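A short write-up of the structure that comes next.
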Amino acid sequence: MDDPLIQLSEDYKWIDFFDFYWRLGLDGLSIGTILLTGFITTLATLAAFPVTRDSRLFHFLMLAMYSGQIGSFSSRDLLLFFIMWELELIPVYLLLSMWGGKKRVLGISLYGSNEPTLNLELLANQSYPVTLEILFYIGFLIAFAVKSPIIPLHTWLPDTHGEAHYSTCMLLAGILLKMGAYGLVRINMELLPHAHSMFSPWLMVVGTIQIIYAASTSPGQRNLKKRIAYSSVSHMGFIIIGIASITDPGLNGAILQIISHGFIGAALFFLAGTSYDRIRLVYLDEMGGMAISIPKIFTMFTILSMASLALPGMSGFVAELIVFFGIITSQKYFLISKLFIIFVMAIGMILTPIYLLSMSRQMFYGYKLINAKNFSFFDSGPRELFLSISILLPIIGIGIYPDFVLSLASDKVESILSNYFYG
184 MDDPLIQLSE DYKWIDFFDF YWRLGLDGLS IGTILLTGFI TTLATLAAFP
234 VTRDSRLFHF LMLAMYSGQI GSFSSRDLLL FFIMWELELI PVYLLLSMWG
284 GKKRVLGISL YGSNEPTLNL ELLANQSYPV TLEILFYIGF LIAFAVKSPI
334 IPLHTWLPDT HGEAHYSTCM LLAGILLKMG AYGLVRINME LLPHAHSMFS
384 PWLMVVGTIQ IIYAASTSPG QRNLKKRIAY SSVSHMGFII IGIASITDPG
434 LNGAILQIIS HGFIGAALFF LAGTSYDRIR LVYLDEMGGM AISIPKIFTM
484 FTILSMASLA LPGMSGFVAE LIVFFGIITS QKYFLISKLF IIFVMAIGMI
534 LTPIYLLSMS RQMFYGYKLI NAKNFSFFDS GPRELFLSIS ILLPIIGIGI
584 YPDFVLSLAS DKVESILSNY FYG
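Start counting the sequence shown at 184; every next residue gets the next number (this note's numbering).
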């Protein structure tokens with residue numbers, strides 16, 4: 184049965200012996216992430232211009248990673264999704280190990296019930312025994328929780344970001360983390376609705392804890408990139424809560440936050456990297472007074488920090504606001520629990536400006552580097568300015584007119600939620 188929401192579909196017999204198919208296609212859920220992937224990968228390739236050691240291999244690995252990501256987002260077959268998911272990890276591992284960093288590997292597989300099939304459209308319309316569905320759900324949840332990351336499986340992320348080259352960090356923050364959230368919606372929510380309905384209150388609790396935990400841990404990080412990494416973990420909490428709300432606004436807000444944070448996270452890591460290129464310092468307590476020497480980088484960093492703390496007019500504000508509406512309108516939770524979740528999320532949103540503005544203060548204000556000997560470095564060049572503005576424009580565009588993204592996914596969101604009794 185063909186899904187009318189899928190476009191540009193391909194469906195070929197792949198391996199006759201195992202009855203495997205090569206099925207690709209785009210729908211409202213995947214189109215936004217695919218456009219984000221293409222955009223961020225292009226800019227990350229441009230950001231990698233200073234890489235001189237084995238630069239051809241570096242760019243080849245970035246493009247190989249891009250292929251795996253596009254394959255994961257457009258797969259309409261569970262085996263193909265799994266293969267692309269794993270394929271994308273190989274270049275990531277090499278990029279991190281050869282140009283600094285640590286590694287993480289994950290894998291999980293599923294076998295269909297009733298008539299064996301791996302077609303996602305058919306699987307979405309099948310019903311499973313509840314026990315089997317719960318087992319599948321837990322398995323996939325662990326896999327996607329590592330990737331997203333969801334606490335307590337987040338510990339690989341700050342170390343990886345702290346060690347990796349900043350163009351790799353752009354891909355990690357902009358796309359890789361979003362693959363976990365995409366998997367949660369595509370597999371756990373769409374294919375396993377009964378189990379998702381049972382586990383969603385726990386996801387809501389974990390998402391709320393994640394926002395507070397990461398936002399309160401971030402100010403304690405001396406390393407600039409680790410502080411931004413914890414900011415990413417905190418923002419992923421909003422996506423988890425949106426998915427767990429099982430409402431139209433909640434899921435739309437989660438999808439919007441996936442796209443929004445993809446831009447904002449990539450931009451912050453790029454600017455952190457350009458700052459490092461100049462001063463060769465990673466610890467915030469060693470920085471200070473950079474605003475006078477690099478006013479363009481200072482301006483862009485300040486604007487994008489504001490975008491990260493959900494300033495009105497920026498994409499982060501709209502995404503988080505819609506997630507709030509998703510919780511308020513949810514029929515699944517009692518009023519007292521909804522008010523408590525909103526209260527705790529609000530505390531997280533208050534903590535966000537504290538760690539982001541203190542980060543800007545430590546980097547750009549004061550006199551530390553001005554008083555240092557041989558203090559001189561160049562401001563942002565045309566390449567870096569072009570990159571920063573290219574990421575900033577969609578952040579402001581989505582903030583002013585979020586329907587750019589929401590209109591793409593609205594039909595698919597309704598289709599997914601039609602499997603639930605809440606709406």
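Glycine included, every Cβ here is placed at the ideal spot set by N, Cα and C.
Computed from a prediction, not measured in an experiment: that's the story for all the values here.
Taking a C-beta distance under 9 Å as the contact criterion, isoleucine 480 and aspartate 562 qualify as a contact pair.
Within 10 angstroms of the beta-carbon of glycine 582 lie 16 or more other beta-carbons, which makes it buried. The shortest CA-to-CA distance from serine 414 to any of Gly215, Leu451 and Gln514 is the one to Leu451. With respect to the 9 Å criterion, leucine 212 and alanine 592 are classified as neighbours on the basis of their beta carbons. Two segments are said to touch when three or more pairs of C-beta atoms, one from each, lie closer than 8 Å; by this definition the segment 489-496 does not touch the segment 347-364. Contact holds between the segment 567-586 and the segment 427-446, because three or more Cβ pairs, one in each stretch, are under 8 Å apart.
As far as DSSP is concerned, tryptophan 268 takes part in no beta bridge. Taking a cut-off of 8 Å for Cβ pairs, the segment 443-450 and the segment 517-524 do not touch, as fewer than three such pairs fall below it. If you ignore the 5 residues before and after glutamine 393, its C-beta comes within less than 6 Å of the C-beta of Ile334 and Gly420, all in its own chain and listed in chain order. The segment 203-220 and the segment 316-328 do not touch, with fewer than three beta-carbon pairs separated by less than 8 Å. Counting only runs of 4+ residues, the alpha helix (DSSP H) found wholly inside the segment 486-518 occupies 498-512, in chain order. Listed as beta-bridge partners of phenylalanine 203 by DSSP are Ile198.
The Cβ atoms of serine 383 and isoleucine 321 do not sit closer than 9 Å to each other.
Here tyrosine 538 is buried: its Cβ has 16 or more other Cβ atoms, across all protein chains shown, within 10 Å. Nearest in C-alpha terms to serine 255, of all of Tyr365, Ile579 and Val501, is Tyr365.
Just measuring C-alpha positions, the residue of Phe232, Asp210, Ala397 and Gln190 sitting nearest methionine 532 is Ala397. Rounded to whole angstroms, the gap between the alpha carbons of lysine 409 and proline 341 is 5 Å. Straight across, the Cα-Cα distance linking methionine 470 with methionine 546 is about 5 Å.
The C-beta distance from leucine 464 to methionine 483 rounds to 19 Å, too long to meet the 8 Å contact threshold. Contact between tyrosine 349 and alanine 230 holds: CB atoms are separated by about 7 Å, below the 8 Å threshold. Glycine 471: not part of any alpha helix (DSSP H); DSSP gives it neither H nor E.
Counting C-beta atoms within 10 angstroms of its own C-beta, serine 331 has 16 or more neighbours from the protein chains shown and is therefore classed as buried. In the DSSP assignment, asparagine 435 falls within the alpha helix (DSSP H) that extends over 431-462. A direct Cα-to-Cα measurement between tyrosine 516 and serine 428 gives close to 8 Å. Under the DSSP definition of a beta bridge, glutamate 567 lacks any partner.
For histidine 379, the enclosing alpha helix (DSSP H) covers residues 376-400.
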